[in-house]
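Residue numbers (the working numbering), protein chains in the order written: chain A, 1 to 336; chain B, 1001 to 1336.
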């Protein structure tokens, strides 16, 4: 049997069962944005790691080394943000083909350093080694959060409203432009910029985890359509999403119009948004959203609600009608 | 400028300076087997990470998947052992070519699980992703140790005796057999076994860190000739090594005789021993060594002593004469 037949999640399921015999001393492992480990009397530690491989996660021809270094750390910080935690340290493993220019590596480290400085995250170690051909980068980040305050995927409840912290689909559109060799204009440049240099929602996550009304939280790395299912599965709930409420940036609207793309499909099925998706206690949501919007540049936007259904299927609504979401997009949405 | 011109250590030096601006909150970063982070009132956390790339660190044709999984964790646990710490959690990132058999992956995880179970180290997370061609494995391990008790490379002092926890050179000889396609006999099989499935000195490290007389400690991954220089540099000391005292296994002696290899050269310059090298307060050393040898299968062996010299050159002694160590080995040792 080949890996392609069971997929990555199938493989993870196979081995994670095997490890259930080892006591984890109150730690929480596989299945959320971060693992949670006991730290001291008042705090817990969160840990995440992400592996980026050349030609799978990035093309050297399509991303500057500075952006690559920035992004390698950003995708990990985004997982820390999703727990509501403060990042405390990073570890960088990098495998380098021997004909790589040192100046190229310097720029990777400059981008990595820029983001490290922004959130005051020291680089405390790692591993540097040769690679036969592809550039390989693994980053591991630790963070801390007050005991019991981390927001997990299992914390959503029926009636919660579902929110996102920024416009969706920009990164997916940026990637589409890169892969299709579309020359960016002033507006669409922004899409590629967000794809190559996403900003982790550290401050947003920290603020949200301080609010009592914030329930489940995660970062959007595979797109709402895929990521929301993790919350549904772990919280044993259903969800309804109002397609019209999905926040779409002006840059995506303009570019999608020109290219004849459906922006909502990119926003819901494209990945690498690195915005936070969270659920809020309905009664507290208006007040939380108001206060949030006074502090952060992108409004916290309600896109749907958590329901009692347990079939793990998202109900997609537009103009009060239900739709099916397929890879082909809106045209093929069938009325139910 | 190409990376090959400055090497990995040159690259690390370039970027580690850059990160000095970020406060590390009493943590100790790059430069030892593990980083050390504050944990709670009584304990500190140690963290290490190692990246293994197919065709650089292993050949799929020369190591079974079970051994590969075992070794990927073992080399990290060896770094935890070198601090004298107890491992507490591991994180595994793996990038997999899509035509890989699931059964092959299952065996990797079985080997990884076997060692995890032996030292009770839960697997708390990681990342699973595609790879274009090579299998890539990054492991990150955390451990804990009583505050101030970790043994660092900077703790050696003139007069200390230098010890190792087991025979050296087996792994290097095993690798030589693999690369030269030498058919193993009963004895030399052991060399390949140690190369493919090294045993981290967790219990040895824990015991040694509890002894007052234990000073600097590190694990042998690049060979005594290279690794000892880290202790010398960080402790600002010199060292004399008595070549005749280097512990050589019977398997290596027998195989070296057959193959016409010089076992001492393999023992001193070959890598991946994953034995611990440490320095002991001379006055306490006899007593510590006696007690150690009552508990552990391989004797703790004195191979030299720390001196006051600061020129970072190891003094190699044999039959009371000084030698130079070159890549060509003993034949070319010149009298000084």
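All residues carry an ideal CB built from backbone N, CA and C; glycine is no exception.
For clarity, every value in this text was computed on a predicted model and none was experimentally measured.
{"Check": "Can you tell me whether residue 1268 of chain B is helix, strand or coil according to DSSP?", "Outcome": "helix"}
{"Check": "Which partner residues does residue 1142 of chain B have in the DSSP bridge list?", "Outcome": "B:1047, B:1089"}
{"Check": "Quick one: what does DSSP say residue 1125 of chain B is sitting in, helix, strand or coil?", "Outcome": "strand"}
{"Check": "Just reading off the beta strand (DSSP E) that residue 1323 of chain B is part of, what are its end residues?", "Outcome": "1321-1323"}
{"Check": "Along the chain, where does the beta strand (DSSP E) that runs through residue 305 of chain A open and close?", "Outcome": "301-307"}
{"Check": "Could you tell me which chain A residues have their CB closer than 7 Å to the CB of residue 1203 of chain B, listed as they occur along the chain?", "Outcome": "Those within 7 Å of residue 1203 of chain B in chain A number zero; the least Cβ separation is about 17 Å."}
{"Check": "Say whether the stretch 1002-1018 of chain B touches the stretch 101-112 of chain A, bearing in mind that this needs 3 or more beta-carbon pairs closer than 8 Å, one atom from each stretch.", "Outcome": "yes"}
{"Check": "If you measure between the beta carbons of residue 145 of chain A and residue 218 of chain A, is that distance less than 8 Å?", "Outcome": "no"}
{"Check": "Bridge partners of residue 1316 of chain B, per DSSP?", "Outcome": "B:1241, B:1323"}
{"Check": "Please list, in chain order, the chain B residues whose beta carbon lies closer than 7 Å to that of residue 67 of chain A.", "Outcome": "Within 7 Å Cβ-Cβ: nothing; residue 67 of chain A doesn't reach chain B, min ~17 Å."}
{"Check": "Look up residue 1002 of chain B in the DSSP assignment and say whether it is helix, strand or coil.", "Outcome": "strand"}
{"Check": "Residue 1030 of chain B bridges to which residues according to DSSP?", "Outcome": "B:1032"}
{"Check": "Any C-beta of chain A sitting closer than 8 Å to the C-beta of residue 1337 of chain B?", "Outcome": "The structure shown does not extend to residue 1337 of chain B, since chain B is modelled only from 1001 through 1336, so no value can be given for it."}
{"Check": "Is there contact between the stretch 1140-1159 of chain B and the stretch 69-80 of chain A, where contact requires at least three CB pairs shorter than 8 Å?", "Outcome": "no"}
{"Check": "At 9 Å on the CB atoms, spell out the chain B contacts of residue 73 of chain A, in chain order.", "Outcome": "Chain B residues near residue 73 of chain A: none, gap ~12 Å exceeds 9 Å."}
{"Check": "Find out if the Cβ-Cβ distance for the pair residue 103 of chain A, residue 1001 of chain B is shorter than 8 Å.", "Outcome": "yes"}
{"Check": "Report yes or no: is there a C-beta of chain B within less than 8 Å of the C-beta of residue 60 of chain A?", "Outcome": "no"}
{"Check": "Between A:10, A:278, A:32, which has its C-alpha nearest residue 207 of chain A's C-alpha?", "Outcome": "A:278"}
{"Check": "Determine whether the Cβ of residue 1230 of chain B lies closer than 8 Å to any Cβ atom of chain A.", "Outcome": "no"}
{"Check": "Checking contacts by CB at 8 Å: is residue 1222 of chain B closer than that to chain A?", "Outcome": "no"}
{"Check": "Residues of chain B with CB closer than 8 Å to the CB of residue 122 of chain A, please, in chain order.", "Outcome": "1019, 1022, 1023, 1024, 1025, 1027, 1029"}
{"Check": "Could you check where the beta strand (DSSP E) with residue 216 of chain A kicks off and where it finishes?", "Outcome": "214-219"}
{"Check": "Any Cβ of chain A within less than 8 Å of the Cβ of residue 1109 of chain B?", "Outcome": "yes"}
{"Check": "Using the DSSP secondary-structure output, state which residues sit across from residue 1058 of chain B in a beta bridge.", "Outcome": "B:1054"}
{"Check": "If residue 157 of chain A sits next to residue 306 of chain A, beta carbons under 8 Å apart, how far is it from one beta carbon to the other, in whole angstroms?", "Outcome": "6 Å"}
{"Check": "How many angstroms separate the CA atom of residue 316 of chain A from the CA atom of residue 237 of chain A?", "Outcome": "15 Å"}
{"Check": "Could you give the DSSP three-state label for residue 1160 of chain B: helix, strand or coil?", "Outcome": "coil"}
{"Check": "Would residue 167 of chain A pass as a contact of residue 274 of chain A if the rule is Cβ separation under 8 Å?", "Outcome": "no"}
{"Check": "When you compare the CB of residue 1150 of chain B with every CB in chain A, is at least one pair closer than 8 Å?", "Outcome": "no"}
{"Check": "Using DSSP bridges, identify the partner residues of residue 1096 of chain B.", "Outcome": "B:1130"}
{"Check": "Hey, quick one: how far does the beta strand (DSSP E) through residue 1339 of chain B stretch, first residue to last?", "Outcome": "Residue numbering for chain B in the displayed model covers 1001 to 1336; residue 1339 of chain B lies beyond these limits and cannot be assessed."}
{"Check": "Does the separation of the CB atoms of residue 85 of chain A and residue 1124 of chain B fall below 8 Å?", "Outcome": "no"}
{"Check": "Using CA coordinates, which residue listed in A:90, A:115, A:51 is at the minimum distance from residue 201 of chain A?", "Outcome": "A:115"}
{"Check": "With 8 Å as the threshold, decide whether the Cβ of residue 1113 of chain B is near any Cβ in chain A.", "Outcome": "yes"}
{"Check": "Using DSSP bridges, identify the partner residues of residue 101 of chain A.", "Outcome": "B:1002"}
{"Check": "Taking all protein chains shown into account, do 16 or more other C-beta atoms lie within 10 angstroms of the C-beta of residue 341 of chain A, making it buried, or fewer, making it exposed?", "Outcome": "The structure shown does not extend to residue 341 of chain A, since chain A spans only 1 to 336, so no value can be given for it."}
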